[in-house]
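Visitor:
Protein chains: 2
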Amino acid sequence: MSVVTLTATQEEVAQQMAQLGTQARAASNILSTAPTKAKDAALLAAAMTLRANVDDILAANKLDMDAAIEKGLSGSMLDRLKLDSDRIEAIAKGMEDIAGLKDPVGDVIANWDRPNGLNISRVRTPLGVIGVIFESRPNVTADAGALCLKAGNAAILRAGSESFHSSRAIHACLVEGLTAASLPEHAIQLVPTRDRAAVGEMLRGLDHNIDVIIPRGGHSLVARVQAEARVPVFAHLDGICHVYIDKDADIAMARDIAVNSKMRRTGICGAAETLLVDRAAVDTHLTAILIALMNEECEIRGDDEVLAKLDMVTPATKEDWSTEYLDAVIAVRIVDGVNEAIEHIATFGSHHTDSIVTNNEETAAIFLNEVDSAIVLHNASTQFADGGEFGMGAEIGIATGKFHARGPVGVEQLTSFKYQVRGQGQTRP
Amino acid sequence: MSVVTLTATQEEVAQQMAQLGTQARAASNILSTAPTKAKDAALLAAAMTLRANVDDILAANKLDMDAAIEKGLSGSMLDRLKLDSDRIEAIAKGMEDIAGLKDPVGDVIANWDRPNGLNISRVRTPLGVIGVIFESRPNVTADAGALCLKAGNAAILRAGSESFHSSRAIHACLVEGLTAASLPEHAIQLVPTRDRAAVGEMLRGLDHNIDVIIPRGGHSLVARVQAEARVPVFAHLDGICHVYIDKDADIAMARDIAVNSKMRRTGICGAAETLLVDRAAVDTHLTAILIALMNEECEIRGDDEVLAKLDMVTPATKEDWSTEYLDAVIAVRIVDGVNEAIEHIATFGSHHTDSIVTNNEETAAIFLNEVDSAIVLHNASTQFADGGEFGMGAEIGIATGKFHARGPVGVEQLTSFKYQVRGQGQTRP
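Top line first, the protein sequences correspond to chains A and B.
Using the working numbering, you'd call the opening residue of the first sequence number 1 and step up by one each time.
Using the working numbering, you'd call the opening residue of the second sequence number 430 and step up by one each time.
(1) Evaluate contact between the segment 181–201 of chain A and the segment 19–37 of chain A, counting only Cβ atoms and requiring at least three cross-stretch pairs below 8 Å.
(2) Give me the Cα-Cα distance between A:G100 and A:L43, rounded to the nearest whole angstrom.
(3) Should A:Q15 go down as buried or exposed, given a rule of 16 or more other Cβ atoms within 10 Å for buried?
(4) I want to verify the contact list: residues of chain A whose CB lies under 7 Å from the CB of B:N798, in sequence order.
(5) What is the residue span of the beta strand (DSSP E) that B:N808 lies within?
(6) Can you tell me which of B:A609, B:I729, B:I486 puts its alpha carbon nearest to the alpha carbon of B:P567?
(7) Listed in chain order, which residues of the segment 395–429 of chain A have Cβ atoms closer than 7 Å to some Cβ of chain B?
(8) Considering just the uninterrupted stretch of the beta strand (DSSP E) at B:E657, what are its terminal residues?
(9) For A:V140, which three-state DSSP category applies?
(10) Does DSSP put B:V376 in a helix, a strand or coil?
(11) Let me see if you follow: with CB-CB separation under 8 Å, is A:E389 close to chain B or not?
(12) According to DSSP, is B:N582 part of a helix, a strand, or is it coil?
(13) Given 8 Å as the limit, is there contact between the segment 269–278 of chain A and the segment 384–398 of chain A, that is, 3 or more CB pairs closer than that?
(14) On a Cα-Cα basis, can you pick out the residue from B:E564, B:S845, B:A681 that is closest to B:V534?
(15) Using C-beta distances below 6 Å, list every residue in its chain close to B:A598, excluding the 5 sequence neighbours before and after it, in chain order.
(16) So within the segment 735–805 of chain B, which uninterrupted beta strand (DSSP E) runs reach at least 3 residues, ignoring any that extend past its ends?
(17) Name the two residues that bound the continuous alpha helix (DSSP H) containing B:N689.
(18) Rounded to whole angstroms, what's the CA-CA distance from B:L547 to A:D238? Just pull it up for me.
(19) Are the segment 296–310 of chain A and the segment 234–253 of chain A touching, with three or more C-beta to C-beta distances below 8 Å?
(20) For B:S565, collect the residues of the same chain with a Cβ closer than 7 Å to its Cβ; drop the 5 residues on either side in sequence, then sort them by chain order.
(21) For B:D889, which residues from the same chain have a beta carbon less than 6 Å from its beta carbon, with the 5 sequence-adjacent residues on both sides left out?
(22) Look at A:I342 and A:E370 and say whether their C-beta atoms are less than 8 Å apart.
(23) Could you name the residues of the segment 533–545 of chain B whose beta carbon sits closer than 7 Å to any beta carbon of chain A, in the order they occur along the chain?
(24) Does any CB atom of chain A fall closer than 8 Å to the CB of B:V808?
(25) Going by CA-CA distance only, name the one from B:G560, B:L603, B:T787 that's closest to B:T478.
(26) Got a sec: is the Cβ-Cβ distance from B:R653 to anything in chain A below 8 Å?
(27) Closer than 7 Å, Cβ to any Cβ of chain B: which residues of the segment 344–355 of chain A, in chain order?
(28) Using DSSP's beta-bridge definition, name the partner residues of B:K847.
(29) Whether or not the segment 394–407 of chain A and the segment 776–787 of chain B are in contact is what I'm after, with contact meaning three or more pairs of Cβ atoms, one per stretch, closer than 8 Å; do they touch?
(30) Can you have a look at B:A787 and say buried or exposed, based on whether 16 or more other CB atoms are within 10 angstroms of its CB?
(31) Is A:P221 near A:S166, with beta carbons less than 8 Å apart?
(32) Which residues in the same chain have their Cβ closer than 8 Å to the Cβ of B:I523, if we skip the five residues on either side of it in sequence?
(33) Is there at least one Cβ from chain B nearer than 8 Å to A:P184's Cβ?
(34) Just how far apart, CA to CA, sit A:L190 and B:F832?
(35) In this structure, what does DSSP give as the bridge partners for A:P35?
(36) Verify the CB distance criterion: does A:D211 have a CB-CB separation below 8 Å to chain B?
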């Protein structure tokens, strides 16, 4: 009997999800040519509705928080889940910011003439339907929905089960905004079930009604999505970011960049996890940097040469080179110049963000060209790995794949393009 | 016993293919920063070697041709398979042309400054390892290998079993070119087995050692690749291209574009398959266009209104609207203006290439914006759907997906990009 029940439920979920897909596709066909004004009006109306419904949203969030406390979720999980009026105001403000961004759809990326008189434009178009799968942060409901809408895409959002009620309350405001702007209410849909089978349905692409999946969450979520998705995925699995201190680095700059890259915020994907120090800089730079890190209460895990230099260091094991601590811990290794640094990053890195500190332009050029990461920096902190810091406005995440979107994924990265060719009757000889 | 043998063979193929993948990845790491000069030198040396080895290549081709004739392959298949000294010269010339293209790697696509002084460049980088699966045309060995190499990618080429010997002979010349330029010989590898299991291994991505698959061949090959590939695919499944004749079209221009779009070459993906005619143009334009097509010995399959106008027309069935004839046949339907034309294309098209003929700029703008195809044209033949005609130089094919590469896939489309950020010690507040 239980098997029959289970199958029935899965089939129900599959049907429900298929319907979401069909609705999303229909909405995306309308959205793809929706005027900028309508999309922005929807975002502004949604922001207003969010502000007007703070009490309802907080009440919904309380349901989620109570359940989460009862389940014994960790402090950091609870913090991510929690909403208060300031956070709701920030969400509303974020939607207004997205409304203020330039509409990427219709942008002419390139335009050229051919000798036969044909004029060719490469013009941005929406991607279609975007599936976003996220964990406990309820604000992603609004951020992701708004970014997809701005780029003319329909969104299917799957909130973590912990944030189910909060996400639903926020989603209701988005739908009100869409309706106010006479856009299809299915432009932003929230998966209405907590059933995990819904995620599987999304990963299979809902019979070609999801064009890309964006996972927002921890390693295990992203790993599952990358392994199972039958549609393209924009994601990063890990952010094992490196700072390499070259012998030609300014010592104070090296110290400040190392400390900022690691300690400004330790829990973000652009936080440095490994410090590589040029052997020729050990006597000059190493101690100053390590002491500065320790002053910020950062734990150091060093290789033998680092240990020999400073005895307050924990010995590093091989695992440390491929660990994303997301905490006040840094692995430190001495390398033989920029080439060994590049080799280390190729072996242990995650193609996310890596920085070199040096005053030698040639050495910097080698690093910037040869390190195969989405973002490579020279004399700047890895914590700049962020769409806002890149001037893209809001981002939906950072991608480490090499297809389509690499690095911060903002509204432009949520578009495709087409070629518009204008002639005067040309036929091909 | 047979099961055991089969498994053993499959395992052998899997091992062989895994080795190809490892070798390709190693080569791609070197190629990714290989200087333009070396890549071009390899292409020029390969072209010279091709010319010097015409006899060997023709002898290899004879083996393939004899086997193909014995197997009873069709005339058009034999024509695709056949090499002669002119065709080999064209292949060599093609490689020289690719050597003459601008190297896309290192191209700065965008560059901007941030208020904090950071300078951000978006720079083209190679994609990595490209798997190309093709059918009987042996020239694809050289074209695809050369395009991948020019963009700094390693290539794994799987030739159709019919062209096995020809492809091997051509591939040997490519390897000689690579060696002459001191580039890794594994930069362009040819799958050394005819076993079909090799294709399955490639579609699974060879344990992350293939980054993208490009199928070059007929519908069933592309359909299999799209259904089974676990890595991104650049392809088009069908080229159901439309020409829409608006009431405001110049009659002679409409006639010439319709005839050229259909008849210049009927076997290419950019050939028109369906002609949509505005109801308001039936009395003025239709007969002239249909007679011109029939004068070129094109069969017309028309809907009732077309039949009523001209009795030499075969009645069209619903299948005709979604058939890629690749032959001198065209389906003709009368529609109610541009909006019904767009609707028809959305329902039956393949997102490849569609053209409108009109002197009305507003109508043209609606068509160019709303038709969701890789290439949309105004007053020009669909047969311009070609990388060469776009000024991209050679192309490896046309993609109808919306990810990464859409439309003609030339060397630029075979690249990714990264962000290079240059600072003067900036840390993030």
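Every residue, glycine too, gets a C-beta built ideally from N, C-alpha and C.
Guide: Well, looking at it:
(1) Judged by Cβ distances under 8 Å, the segment 181–201 of chain A makes contact with the segment 19–37 of chain A, as three or more pairs qualify.
(2) Translated into positions along the first sequence, residue 100 of chain A becomes position 100. Translated into positions along the first sequence, residue 43 of chain A becomes position 43. Those two C-alpha atoms are separated by around 10 Å.
(3) Residue mapping note: residue 15 of chain A aligns to position 15 of the first sequence, counting from 1. Using a 10 angstroms sphere on the CB of A:Q15, the tally of other CB atoms stays under 16, which defines it as exposed.
(4) Walking along the second sequence from the start, residue 798 of chain B turns up at place 369. Residues of chain A passing the Cβ test: T33.
(5) Reading the second sequence from its first residue, position 379 is the one you call residue 808 of chain B. Annotation: the continuous beta strand (DSSP E) that includes B:N808 extends over 804–809.
(6) In the second sequence, residue 567 of chain B corresponds to position 138, counting from 1. Of B:A609, B:I729, B:I486, the residue nearest in Cα terms is B:I486.
(7) Result list: K402, F403, H404, R406, G407, S416, F417, K418, Y419, Q420, V421, R422, G423, Q424, G425, Q426, T427, R428.
(8) Translated into the one-based positions of the second sequence, residue 657 of chain B becomes position 228. In this chain, B:E657 is not harboured by any beta strand (DSSP E); it is covered by the alpha helix (DSSP H) spanning 648–657.
(9) The residue given as residue 140 of chain A occupies position 140 in the first sequence. Three-state result, A:V140: helix.
(10) The question about residue 376 of chain B has no answer here: the residues shown for chain B are numbered 430 through 858.
(11) Taking the first sequence and counting its residues from 1, one reaches residue 389 of chain A at position 389. It does: the Cβ of A:E389 has a partner Cβ on chain B nearer than 8 Å.
(12) Locating residue 582 of chain B in the second sequence gives position 153, counting from the first residue. It is coil, neither helix nor strand.
(13) Output reads yes: the segment 384–398 of chain A touches the segment 269–278 of chain A.
(14) As a first step, residue 534 of chain B must be located in the second sequence, where it is residue number 105. When each option's Cα is compared against that of B:V534, the closest is B:S845.
(15) Here residue 598 of chain B is taken as the residue at index 169 of the second sequence, counted from 1. The residues are D485, I486, A489.
(16) Counting only runs of 3 or more, we get 758–764, 782–786.
(17) Locating residue 689 of chain B in the second sequence gives position 260, where the first residue counts as 1. B:N689 -> alpha helix (DSSP H) spans 680–692.
(18) Counting from 1 along the second sequence, the entry for residue 547 of chain B is found at position 118. Counting from 1 along the first sequence, the entry for residue 238 of chain A is found at position 238. B:L547 and A:D238 have their C-alpha atoms spaced approximately 25 Å apart.
(19) By the criterion of at least three beta-carbon pairs nearer than 8 Å, the segment 296–310 of chain A is not in contact with the segment 234–253 of chain A.
(20) Your numbering for residue 565 of chain B matches position 136 in the second sequence. Within the same chain, M506, R509, L510, G589, E591, S592 come within 7 Å of B:S565 by CB-CB distance, once the 5 residues on both sides are set aside.
(21) In this structure chain B extends from 430 to 858, so residue 889 of chain B is not present and cannot be described.
(22) Within the first sequence, numbered from 1, the residue matching residue 342 of chain A stands at position 342. Within the first sequence, numbered from 1, the residue matching residue 370 of chain A stands at position 370. It is a contact, given that the beta carbons lie within the stated cut-off.
(23) Against chain A - using a Cβ distance shorter than 7 Å - the residues of the segment 533–545 of chain B are W541, R543.
(24) Position 379 of the second sequence, counted from the first residue, corresponds to residue 808 of chain B. First, the amino acid is wrong: residue 808 of chain B is Asn here, not Val. True, the Cβ-Cβ gap to chain A drops below 8 Å.
(25) Numbered from its first residue, the second sequence carries residue 478 of chain B at position 49. When each option's Cα is compared against that of B:T478, the closest is B:L603.
(26) Indexing the second sequence from 1 puts residue 653 of chain B at position 224. Answer no: the Cβ-Cβ gap between B:R653 and chain A never drops below 8 Å.
(27) So the list is empty, because no residue satisfies the distance condition.
(28) Within the second sequence, numbered from 1, the residue matching residue 847 of chain B stands at position 418. Beta-bridge pairing links B:K847 to B:V552.
(29) Contact fails: fewer than three Cβ-Cβ distances are below 8 Å.
(30) The count along the second sequence starts at 1 and reaches residue 787 of chain B at position 358. Reading off the sequence shown, one finds Thr at residue 787 of chain B, where the question assumed Ala. Flag for B:T787 reads buried.
(31) Taking the first sequence and counting its residues from 1, one reaches residue 221 of chain A at position 221. Taking the first sequence and counting its residues from 1, one reaches residue 166 of chain A at position 166. First, the amino acid is wrong: residue 221 of chain A is Leu here, not Pro. Taking 8 Å as the Cβ cut-off, A:L221 and A:S166 do not qualify as a contacting pair.
(32) Within the second sequence, the letter at position 94 stands for residue 523 of chain B. Residue 523 of chain B is actually Gly in this sequence, not Ile. The residues are N568, A571, D572, A575, A823.
(33) Reading the first sequence from its first residue, position 184 is the one you call residue 184 of chain A. Residue-level contact by beta carbon fails for A:P184 and chain B, as no gap is shorter than 8 Å.
(34) For the purposes of this step, residue 190 of chain A is identified with residue 190 of the first sequence, where counting begins at 1. For the purposes of this step, residue 832 of chain B is identified with residue 403 of the second sequence, where counting begins at 1. In this structure, the alpha-carbon of A:L190 lies about 24 Å from that of B:F832.
(35) Position 35 of the first sequence, counting from 1, holds the residue named residue 35 of chain A. None, per the DSSP bridge assignment.
(36) Position 211 of the first sequence, counted from the start, is the residue given in the question as residue 211 of chain A. Yes, its Cβ sits closer than 8 Å to a Cβ of chain B.
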